[in-house]
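Asker:
2 protein chains.
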Amino acid sequence: MPDLSDAAKRILVGRPVRSERLGHTLLPKRIALPVFASDALSSVAYAPDEILLTLSLAGLASYTISPWVGLAVVIVMLTVVASYRQTVRAYPSGGGDYEVATTNLGPRAGLTVASALQVDYVLTVAVSVSSGSHYLATVLPAARDHEAIIAIGLVALIALINLRGVRESGTGFAFPVYLFMAGMGVMALVGGIQWATGTLGIAESAQFDVLAEPGYEEGLMGLAGGFLVLRAFSSGAAALTGVEAISNGVPAFRKPKSKNAATTLLLLGLIGATMLMTVIGLARATGVRFVQDPHLQLAMNGQPVPEGYEQDPVIGQIAQTVFAGFPPMFYLVTASTGLILLLAANTAFNGFPTLASILSKDGYLPRQLYTRGDRLAFSNGIIILALAAIALIWVFDAEVTRLIQLYIVGVFVAFTLGQLGMIKHWNERLPSVVAARERGAMKRSRAINAFGFALTALVLAVVLITKFTHGAWIAIGLMGLLFAVMVFIHRHYQHVADELEIEDVAAARALPSRVHALVLVSKVHKPTMRALSYARATRPSTLQAITVAVDRDAAEQVRRDWDAAEVPLPLTVLDSPYRDLTRPVLEYVKSIRRESPRDLVVVYVPEYVVGHWWERVLHNQSALRLKSRLLYTPGVVMASVPWQLASSARSLVNPDDPGERLGDLPAPGMVRRGE
Amino acid sequence: MPDLSDAAKRILVGRPVRSERLGHTLLPKRIALPVFASDALSSVAYAPDEILLTLSLAGLASYTISPWVGLAVVIVMLTVVASYRQTVRAYPSGGGDYEVATTNLGPRAGLTVASALQVDYVLTVAVSVSSGSHYLATVLPAARDHEAIIAIGLVALIALINLRGVRESGTGFAFPVYLFMAGMGVMALVGGIQWATGTLGIAESAQFDVLAEPGYEEGLMGLAGGFLVLRAFSSGAAALTGVEAISNGVPAFRKPKSKNAATTLLLLGLIGATMLMTVIGLARATGVRFVQDPHLQLAMNGQPVPEGYEQDPVIGQIAQTVFAGFPPMFYLVTASTGLILLLAANTAFNGFPTLASILSKDGYLPRQLYTRGDRLAFSNGIIILALAAIALIWVFDAEVTRLIQLYIVGVFVAFTLGQLGMIKHWNERLPSVVAARERGAMKRSRAINAFGFALTALVLAVVLITKFTHGAWIAIGLMGLLFAVMVFIHRHYQHVADELEIEDVAAARALPSRVHALVLVSKVHKPTMRALSYARATRPSTLQAITVAVDRDAAEQVRRDWDAAEVPLPLTVLDSPYRDLTRPVLEYVKSIRRESPRDLVVVYVPEYVVGHWWERVLHNQSALRLKSRLLYTPGVVMASVPWQLASSARSLVNPDDPGERLGDLPAPGMVRRGE
């Protein structure tokens, strides 16, 4: 019942407001930066934590290596940035890695990238919101131990905001992102000065010793230790997600689009790298401890931590130490970090339906996800994304450490295939270019992409090896499933298209010999009379009025009314021994078709149209069922003759109601696509 | 999405089996008795318990009055039986109290009876199944403390069995009901002999003292005590439910129908009364204690009962005492009691949808509940009843004592109004009868009904006064709600009928001046060509093929294909600035209507029909949405031109599939209605 769900949706997401279409306001760099930054920068809120947490398994001494792990992540990050600067120049259309891989490596590669990205969008939401709810618990102790339910509530809230279609504005992103940057900048500056002047305090957790887990008695020495460092690096590589977002958003930039996008990308990379190193550096300097389970791994003088000890995120711990004498700054840094995490989740709510729409256009996902201007298409995407993210949060109890094991596999699949596609792109272009300068530039680009490919492939291998059994297999399984579903859908559409293809134009254009019109009469009232008039207006070869005697008394009454209305046409009464409306009509239609198989039967069904959902519950069900059955009978056309009751004027789907022009609303993510 | 729910239903309730229609096998008395007995007799499983439980509040001494309370219930029961013997003679059509009240007292009274009966059907299910799960716990200790969830599971099971449409047979009822009667008979006989010979043991609970609650220190003396006796009587009156069932089932009896029904009714009353008195008598003789909370109310030598003490139902306690040396009989009595309670619940699953169907026919409930031959109608009723009963069981935690407070209000409303209607019935008939003998019989009948009315009205007043604050208000509230909903629905149907009535036959028969045919083209494939052929076959005044340029490339492709197919008709491309399919078509249709308001526009929509539910998810949505919008535009006919894809042959709703002929299955309860 689409109408009931319409009504429910109305209650949940409110009456759609008619708003002017978003103008083609292209983004200057100062606005584009915050629009695309939240996803990439927000990972600084959990990536350092995961590095420290993973290293902590080998005991306190292993923390000394954390800056080097951070540095490795930064190197990969800057390499990826350099690679994507080539992509945005070569593919300014905003197709991103899916387009690059499909164009250069074929549809299977494109589909692999698409599956990977879709799964990663879900994980972006799950990880960001879970992390955000932990930040919330840092400033709001009442939220502790309720992180999962809070995270689920936040996902639902973000989904609802996106379903309502709040008008997105580039400047709306600017404030929280710049606030976050400013807060982090002040923290870096104040912390740096304190460190230089020797006045930097130590974190509350610095008093604890970190106990090595069994198997890591030798610290980071040996095979297990080396593996652990690689795992720490893999987790830290979560800082790279979101870098690819700009490559999907080139059309949204002001001209020269590609150049501005490339510059913004570089800026983003530098800011992200700086932030990451700042957090890791300050964590070292203040002696922050961050472990999986404080009660098992932390100790003071051989005693475990006190019962009520709660471990805050690393940025929270640093802010508490640096701004020990000035709590407002602590709250500002923590709150803006939480906020940017939610913005990052919101990014996925823009990216997921957009990619789904592209995949739908290419025939890999149901058509309903396609139509760009249709909000419903995006609504479906939003709901699917929210449900998937909620499921993950629920299963993993909003634990960032466990969710992060599933994360970034997808992003690195996209990175690797995207860069491989770029290499092929340059290889194909090079032979046709003769100008030495242009060739030099292309070769430079190719070299960058080749290095990017090599490095991201290496990281992908490291991520797969170190995380596979920890949860990456789940992500890979989901990607495989999605891939299979998309291939299946594509095949189905192809199969249907083949079946519907016209082989013989002449046969397809052959006219039926005669037209038999049947008018279904359930009562003698205005809708029936209208159906009869309309049927007569089409001048069929034969015209019959039929009624089904489901109830003997009722059929008798219809016959009497028919005579009273003086209709110049006999009424045929079909017997219904089983008191069923549908079958006698079906049998009758089939008997006509049997006699003259080349004729056409047009069944006129009078319907009256009501306005409220509850009225729809009270009416018209038998006509609907009959129609759905008749669809399966060849050679039959069903003509619905509607009669609009007075109440239909206030219908939810009344096209005259300006509030109903759903197509007018800007779809989420439009601002990023430059539409 | 009706197809998805179809698929889900298929999984739950199985593929409908084609079965021959139930023959007109009318019931002889020996079969009719068990068919109608389960509801009326099963109450002996909880009515004595509730009498003892209520009396126990005033301490052990009050148990001495229990036979007198039982006797009062028996008197009312026999009065009601005598009254209904008049009803079945006067109204052999099986309409029951609803018909009697509607015919004699007007539709409002009829509606009151109907609301009351519907609410009581729900309570029959809730009380019987709750009681049944307590009997189960008596023989199956593992079930203890899980009574509510077991009861909910049993309701779901009974509902499922009814949804699957197990072929009902009168003889199917005979075995368990006669088994129950036999078990109770043997228990009465053996217990009676033991009592007469002084060898009757005492119940396990007889060792306990029953402590009076505060306020009842004087026992049953005083106002509070008197009120308590009335309350005990009200609860015991639950034994009367089900007596009215025969009045709805007269057509199922063999001829002479009325006489046989009256005889069966008398038999039923006598057996019920005997059973009730037997149970109460044996409970007295064996010293059974039955209280609300054994841990608060029972004591032995001033000490409370042991921790693990569990209180069994009265029949269970008696069977344990009488058959102390022979456990199989104890199990048989308990198990057959549990079984008959489930049969009683099943009765409501027959009665509720039948009454709903009658109310629907009279325009008080949605039409979908009407069509008798259509299983779907009964399915809806079954599901509604099951959900309502489950809700009650859940809210009241399957506690019979609390549920019984809501019970029987409805039945006594029906009794009272039914008898009042009967008095009026005789009053209206009397003046036209002259034969002295006939007049005498009528006057005798009227006297019986008058006495029945007076007594049931008195009992209704007692029930209302003693139970109102204990929960009867909930039942009354539900009846009021149901009454209001039914009045509302009736008004709505009336309103629509008025709106659709033909005032001016000539105007209604006026033909539209011209017919404009539009064929919607989304792609150039077989379905489109078929739609075009069919449209041409109807020889419209004008014919246009239109396509909406939702996507520029796609529209260009359609135009090229159109030219390639050499269709001798230009293709009109409608612009869609908002990439929306629906609005351009609507605007175009409206523009035609504006130019020539008396013309008719027929929109031919090619549709292809698929077989699997998942295929339906992948196709056709935009056409559906367009159709639902066009319905609201006056002067438009929507002609669906279906193209059956190969997969449609295995569709769920394929009319050629013999398994699908839903109308063939006997509906639940048919055996009771003599259909």
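As given, the protein sequences belong to chains A and B, one line each in that order.
Start counting the first sequence at 1; every next residue gets the next number (this note's numbering).
Start counting the second sequence at 676; every next residue gets the next number (this note's numbering).
No residue lacks a Cβ here, since even glycine has one placed at the ideal position from N, Cα and C.
#1: With H, G and I counted as helix, E and B as strand and the rest as coil, what does DSSP make of B/Ile1123?
#2: Below 8 Å, how does it come out for the stretch 500-507 of chain A and the stretch 1146-1155 of chain B: are there three or more Cβ pairs, yes or no?
#3: Residues of chain A with CB closer than 8 Å to the CB of B/Ile1177, please, in chain order.
#4: Which partner residues of A/Pro642 appear in the DSSP bridge assignment?
#5: Which residues bound the alpha helix (DSSP H) around B/Val814?
#6: Confirm, please, whether the CB-CB distance from B/Asp795 to B/Val1137 is below 9 Å.
#7: Within the same chain, show all residues whose beta-carbon is closer than 6 Å to that of A/Phe208, passing over the 5 residues directly before and after it, in chain order.
#8: Output needed for A/Val411: all residues of its chain with C-beta closer than 6 Å, excluding positions within five of it in sequence on either side, in chain order.
#9: Decide if the stretch 765-777 of chain B is in contact with the stretch 1067-1074 of chain B; the criterion is three or more beta carbon pairs, one per stretch, under 8 Å apart.
#10: Tell me the DSSP secondary structure of B/Pro1041 in three-state form.
#11: Please give me, in chain order, every unbroken run of the beta strand (DSSP E) with length at least 3 that falls completely inside the stretch 1237-1266 of chain B.
#12: Just checking my contact of A/Pro176 with A/Ser336 at CB under 8 Å: how many whole Å lie between their CB atoms?
#13: Using a Cβ-Cβ cut-off of less than 8 Å, give me the residues of the stretch 486-498 of chain A that come near chain B, in sequence order.
#14: Does any CB atom of chain A fall closer than 9 Å to the CB of B/Glu888?
#15: Are A/Thr542 and A/Leu574 closer than 9 Å when you measure CB to CB?
#16: In chain A, what lies closer than 7 Å to B/Ala1321 by C-beta?
#17: To which residues of the same chain is B/Leu1369 closer than 8 Å at the C-beta, ignoring the five residues directly before and after it?
#18: Are the CB atoms of A/Val685 and B/Ala1240 nearer to each other than 9 Å?
#19: Return yes when the Cβ of B/Ile1057 is within less than 9 Å of the Cβ of B/Leu832, no when it is not.
#20: Cβ of B/Leu1359 less than 9 Å from any chain A Cβ?
#21: Have a look at B/Ala1183 and A/Ala531 and give me their C-alpha separation to the nearest angstrom.
#22: May I ask you to verify whether the stretch 861-875 of chain B touches the stretch 936-945 of chain B, counting CB pairs closer than 8 Å and requiring at least 3?
#23: For the beta strand (DSSP E) that B/Thr1222 lies in, which residues bound it at each end?
#24: Grab me the residues of A/Ala639's own chain with a C-beta within less than 6 Å of its C-beta, minus the 5 sequence neighbours each way, in chain order.
#25: Can you list, in chain order, the stretches of the alpha helix (DSSP H) that have 4 or more residues and sit fully within the stretch 36-63 of chain A?
#26: Which of the three DSSP states, helix, strand or coil, is assigned to A/Asp209?
#27: Out of A/Val80, A/Thr87 and A/Val35, which has the shortest C-alpha to C-alpha gap to A/Lys424?
#28: Look at the alpha carbon of A/Arg676 and the alpha carbon of A/Arg514, and state the distance between them as a whole number of angstroms.
#29: Are the C-beta of B/Thr1213 and some C-beta of chain A separated by less than 9 Å?
#30: Can you grab the Cα-Cα spacing for the pair A/Gly308 / A/Gln194, in whole Å?
#31: Can you tell me the Cα-Cα spacing of A/Leu699 and A/Lys443, whole angstroms?
#32: Using the beta-carbon count (16 or more within 10 Å), is A/Val434 buried or exposed?
#33: Taking only beta-carbon positions, decide if B/Val710 is within less than 9 Å of chain A.
#34: Please check the pair A/Leu27 and A/Phe253, which I expect to be a contact at CB under 8 Å, by giving their CB distance rounded to whole angstroms.
#35: Can you list the residues of chain A that B/Arg1184 reaches, using a CB-CB cut of under 7 Å?
#36: On the CB-based measure, 16 or more other CB atoms within 10 Å of its CB, does B/Ala1066 come out buried or exposed?
Answerer: In brief:
#1: In the structure shown, B/Ile1123 sits in a helix (DSSP, three-state: H, G or I).
#2: The stretch 1146-1155 of chain B and the stretch 500-507 of chain A do not touch, with fewer than three beta-carbon pairs separated by less than 8 Å.
#3: Simply Val524, His525, Lys526, Met529 and Ala565.
#4: Answer is A/Glu607.
#5: Pro782 to Val814 is the span of the alpha helix (DSSP H), which, as asked, contains B/Val814.
#6: Not a contact, by the Cβ cut-off of 9 Å.
#7: Arg289, Leu298 and Met300, listed in sequence order.
#8: Within the same chain, A/Val411 has close Cβ partners Asp120 and Thr241.
#9: Touching, no, given that fewer than three Cβ pairs across the two stretches are closer than 8 Å.
#10: In the three-state reduction of the DSSP assignment, B/Pro1041 falls in the coil class, being assigned neither a helical nor a strand state.
#11: Counting only runs of 3 or more, we get 1246-1250.
#12: Contact flag correct, Cβ pair sits at about 6 Å.
#13: Ile489, His492, Tyr493, Val496 and Ala497: these are the residues of the stretch 486-498 of chain A whose beta carbon lies less than 8 Å from some beta carbon of chain B, given in chain order.
#14: No Cβ of chain A is located within less than 9 Å of the beta carbon of B/Glu888.
#15: Result no, Cβ atoms of A/Thr542 and A/Leu574 do not sit closer than 9 Å.
#16: Going along chain A in sequence order, the residues near B/Ala1321 (Cβ under 7 Å) are Glu499.
#17: Limits of chain B in this structure are 676 at one end and 1350 at the other, which puts residue 1369 of chain B out of reach.
#18: This structure leaves residue 685 of chain A out entirely; chain A is present only between 1 and 675.
#19: Going by C-beta atoms, B/Leu832 is not nearer than 9 Å to B/Ile1057.
#20: The question about residue 1359 of chain B has no answer, for chain B in this structure spans 676 to 1350.
#21: Near 10 Å, if we compare the C-alpha coordinates of A/Ala531 and B/Ala1183.
#22: No, they do not touch.
#23: For B/Thr1222, the enclosing beta strand (DSSP E) begins and ends at Thr1217 to Ala1224.
#24: Result list for A/Ala639: Val602 and Tyr604, in chain order.
#25: Restricting attention to alpha helix (DSSP H) runs no shorter than 4 residues, the stretch 36-63 of chain A encloses them at 47-56, ordered along the chain.
#26: Of the three classes helix, strand and coil, the one that applies to A/Asp209 here is strand, per DSSP.
#27: Sorting A/Val80, A/Thr87 and A/Val35 by C-alpha distance to the C-alpha of A/Lys424 places A/Thr87 at the top.
#28: Summary: the structure shown does not reach residue 676 of chain A, with chain A confined to residues 1 through 675, and so no result is reported for it.
#29: Cβ-Cβ to chain A under 9 Å: yes for B/Thr1213.
#30: A straight-line Cα-Cα distance of about 30 Å links A/Gly308 and A/Gln194.
#31: Missing from the structure shown is residue 699 of chain A; chain A here goes from 1 to 675 and no further.
#32: In this structure A/Val434 is exposed. Its beta-carbon is surrounded by fewer than 16 other beta-carbon atoms within 10 angstroms.
#33: Not an interface residue.
#34: Yes, they are in contact, since the Cβ atoms of A/Leu27 and A/Phe253 sit about 6 Å apart, within 8 Å.
#35: The answer, in chain order, is Met529 and Ser533.
#36: Taking a 10 Å sphere around the C-beta of B/Ala1066, we find fewer than 16 other C-beta atoms and assign the residue as exposed.
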